[in-house]
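Here the structure comes first, spelled out in C-alpha coordinates, and everything after it is commentary.
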Amino acid sequence: MVGPVLLLNGVLTVAVVFGLLGPAHEDGALAGLGLAAALGCVSAALCLRGRVAGLWGALLYYGLQVLSYYPHDGGRAFCVKAGTSIGVVLQLHGATLVLNLIAATLLAATALVLLRRRPAAAGGAA
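In case it helps, this note's numbering puts the sequence shown at residues 1034 to 1159.
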(Lines of atoms letter the chains of each structure in order from A and count residues from 1; the text may use other names and numbers.)
(Lines give C-alpha, C1' and ligand atoms only; values in the text may rest on other atoms or scores of the structure.)
Protein backbone atom coordinates (compact mmCIF):
# COMPACT_ATOMS: atom_id res chain seq x y z
CA MET A 1 0.00 0.00 0.00
CA VAL A 2 3.01 2.31 0.39
CA GLY A 3 3.80 2.27 -3.33
CA PRO A 4 0.56 3.78 -4.73
CA VAL A 5 0.45 6.55 -2.09
CA LEU A 6 4.11 7.33 -2.69
CA LEU A 7 3.55 7.38 -6.45
CA LEU A 8 0.68 9.86 -6.02
CA ASN A 9 2.86 12.09 -3.82
CA GLY A 10 5.76 11.85 -6.26
CA VAL A 11 3.54 12.84 -9.18
CA LEU A 12 2.09 15.74 -7.17
CA THR A 13 5.65 16.89 -6.44
CA VAL A 14 6.42 16.74 -10.17
CA ALA A 15 3.35 18.94 -10.74
CA VAL A 16 4.72 21.41 -8.17
CA VAL A 17 8.09 21.41 -9.99
CA PHE A 18 6.43 22.31 -13.29
CA GLY A 19 4.32 25.03 -11.66
CA LEU A 20 1.00 23.24 -12.08
CA LEU A 21 0.36 23.31 -8.32
CA GLY A 22 1.29 26.23 -6.10
CA PRO A 23 3.36 29.34 -6.70
CA ALA A 24 6.54 29.55 -8.76
CA HIS A 25 9.79 28.68 -6.97
CA GLU A 26 13.26 30.16 -7.02
CA ASP A 27 15.85 28.40 -9.18
CA GLY A 28 17.77 27.02 -6.18
CA ALA A 29 14.63 25.67 -4.53
CA LEU A 30 13.45 24.23 -7.82
CA ALA A 31 16.54 22.04 -8.17
CA GLY A 32 16.05 20.52 -4.72
CA LEU A 33 12.37 20.05 -5.36
CA GLY A 34 13.11 18.30 -8.67
CA LEU A 35 15.48 15.90 -6.92
CA ALA A 36 12.84 15.20 -4.26
CA ALA A 37 10.25 14.52 -6.99
CA ALA A 38 12.64 12.10 -8.69
CA LEU A 39 13.34 10.40 -5.35
CA GLY A 40 9.61 10.00 -4.72
CA CYS A 41 8.90 8.53 -8.17
CA VAL A 42 11.88 6.15 -8.14
CA SER A 43 11.07 5.02 -4.59
CA ALA A 44 7.44 4.43 -5.61
CA ALA A 45 8.55 2.31 -8.56
CA LEU A 46 10.78 0.25 -6.27
CA CYS A 47 7.96 -0.15 -3.71
CA LEU A 48 5.56 -1.29 -6.42
CA ARG A 49 8.12 -3.94 -7.41
CA GLY A 50 8.36 -5.10 -3.79
CA ARG A 51 11.88 -3.81 -3.14
CA VAL A 52 12.88 -2.78 0.40
CA ALA A 53 15.04 0.00 -1.07
CA GLY A 54 11.82 1.73 -2.10
CA LEU A 55 10.73 1.90 1.54
CA TRP A 56 14.07 3.41 2.54
CA GLY A 57 13.70 5.95 -0.27
CA ALA A 58 10.18 6.72 0.95
CA LEU A 59 11.56 7.39 4.44
CA LEU A 60 14.02 9.88 2.99
CA TYR A 61 11.39 11.44 0.71
CA TYR A 62 8.88 12.01 3.52
CA GLY A 63 11.63 12.97 5.96
CA LEU A 64 12.60 15.88 3.71
CA GLN A 65 9.02 17.17 3.82
CA VAL A 66 8.32 16.94 7.56
CA LEU A 67 9.84 20.29 8.56
CA SER A 68 10.08 23.59 6.72
CA TYR A 69 12.09 26.52 8.05
CA TYR A 70 11.57 30.15 7.00
CA PRO A 71 13.83 32.77 8.66
CA HIS A 72 12.26 36.17 9.25
CA ASP A 73 15.39 38.05 8.20
CA GLY A 74 15.18 36.76 4.63
CA GLY A 75 18.07 34.33 5.09
CA ARG A 76 18.33 30.82 3.74
CA ALA A 77 15.09 28.89 4.07
CA PHE A 78 14.64 25.13 3.99
CA CYS A 79 11.48 23.64 2.55
CA VAL A 80 10.50 20.75 0.31
CA LYS A 81 6.82 21.02 -0.49
CA ALA A 82 4.85 18.26 -2.12
CA GLY A 83 1.38 18.62 -3.57
CA THR A 84 -0.44 18.03 -0.28
CA SER A 85 0.27 19.53 3.10
CA ILE A 86 -1.57 20.10 6.33
CA GLY A 87 0.76 21.80 8.72
CA VAL A 88 1.24 23.16 12.18
CA VAL A 89 2.90 26.56 12.08
CA LEU A 90 5.23 27.54 14.92
CA GLN A 91 6.22 31.20 15.14
CA LEU A 92 9.70 31.32 16.68
CA HIS A 93 11.69 34.42 17.60
CA GLY A 94 13.66 34.60 14.36
CA ALA A 95 11.87 32.19 12.06
CA THR A 96 8.73 30.27 11.21
CA LEU A 97 8.80 26.49 11.48
CA VAL A 98 6.13 24.40 9.73
CA LEU A 99 5.46 20.77 10.65
CA ASN A 100 3.79 18.93 7.75
CA LEU A 101 1.38 16.53 9.44
CA ILE A 102 0.65 14.53 6.27
CA ALA A 103 4.36 13.91 5.66
CA ALA A 104 4.89 13.01 9.33
CA THR A 105 1.99 10.54 9.20
CA LEU A 106 3.22 8.94 5.97
CA LEU A 107 6.76 8.80 7.36
CA ALA A 108 5.50 6.94 10.45
CA ALA A 109 3.37 4.58 8.33
CA THR A 110 6.31 3.79 6.06
CA ALA A 111 8.56 3.16 9.06
CA LEU A 112 5.94 0.81 10.48
CA VAL A 113 5.75 -1.13 7.19
CA LEU A 114 9.54 -1.33 7.09
CA LEU A 115 9.74 -2.56 10.70
CA ARG A 116 7.12 -5.22 10.09
CA ARG A 117 8.90 -6.37 6.96
CA ARG A 118 12.39 -6.63 8.49
CA PRO A 119 11.79 -9.59 10.86
CA ALA A 120 10.33 -11.61 7.99
CA ALA A 121 13.38 -10.90 5.85
CA ALA A 122 15.78 -11.71 8.72
CA GLY A 123 13.91 -14.92 9.61
CA GLY A 124 14.01 -16.14 6.01
CA ALA A 125 17.78 -15.61 5.79
CA ALA A 126 18.57 -17.75 8.83
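Heads up, the beta-carbon is just placed ideally off N, CA and C, and yes, glycines get one too.
With a 10 Å radius around the Cβ and a threshold of 16 neighbouring Cβ atoms, Gln1098 comes out buried. Residue burial is scored here from C-beta neighbours: Val1035 has at least 16 other C-beta atoms within 10 angstroms and is therefore classed as buried. DSSP places Leu1097 inside the alpha helix (DSSP H), whose first and last residues are Val1085 to Val1099. In the displayed model, Leu1053 falls within coil according to three-state DSSP, outside both helix and strand. Around the Cβ of Leu1045, a 10 Å sphere holds 16 or more other Cβ atoms; the residue is buried. Cβ contact annotation for Ile1135 (same chain, cutoff 7 Å, sequence separation greater than five): Thr1117, Ser1118 and Ile1119, in chain order.
Under the Cβ criterion (8 Å, minimum of three pairs), the region 1066-1086 does not count as touching the region 1126-1135.
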